[in-house]
Amino acid sequence: MGIYVACAINGNRWREKSLIDRGYDHVNTVSASNPEGAVALYLKGWYTEE
Numbered sequence: 022m023g024i025y026v027a028c029a030i031n032g033n034r035w036r037e038k039s040l041i042d043r044g045y046d047h048v049n050t051v052s053a054s055n056p057e058g059a060v061a062l063y064l065k066g067w068y069t070e071e
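To convert, take the position in the sequence shown, counting from 1, and add 21; that gives the numbering used here.
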């Protein structure tokens, strides 16, 4: 049970670290219902500035 809780709490952080370690950069945050929509919104410039 503890492993499930640890994964639930840290999962996104671990994924983010993995992507950064592989050379990806966080550019902006886009809220969309699917990956294709997120790319389209980003290309149109409709994203949240951080």
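We put the CB at the ideal spot given by N, CA and C, even for glycine.
This structure is a prediction, so every number in the text was calculated from the model and none was measured.
Where N31 and L40 are concerned, what is the direct C-alpha to C-alpha distance, given to the nearest angstrom?
If you number the sequence shown from 1, residue 31 lands on position 10. If you number the sequence shown from 1, residue 40 lands on position 19. Near 14 Å, if we compare the C-alpha coordinates of L40 and N31.
Which value, in whole angstroms, describes the spacing of the CA atoms of Y63 and S54?
The residue given as residue 63 occupies position 42 in the sequence shown. The residue given as residue 54 occupies position 33 in the sequence shown. Y63 and S54: Cα-Cα distance of roughly 13 Å.
Suppose you measure from the CA of T50 to the CA of G66; what does that come to, to the nearest Å?
Start at 1 with the first residue of the sequence shown, and residue 50 comes out as number 29. Start at 1 with the first residue of the sequence shown, and residue 66 comes out as number 45. Here the alpha carbon of T50 sits roughly 11 Å from the alpha carbon of G66.
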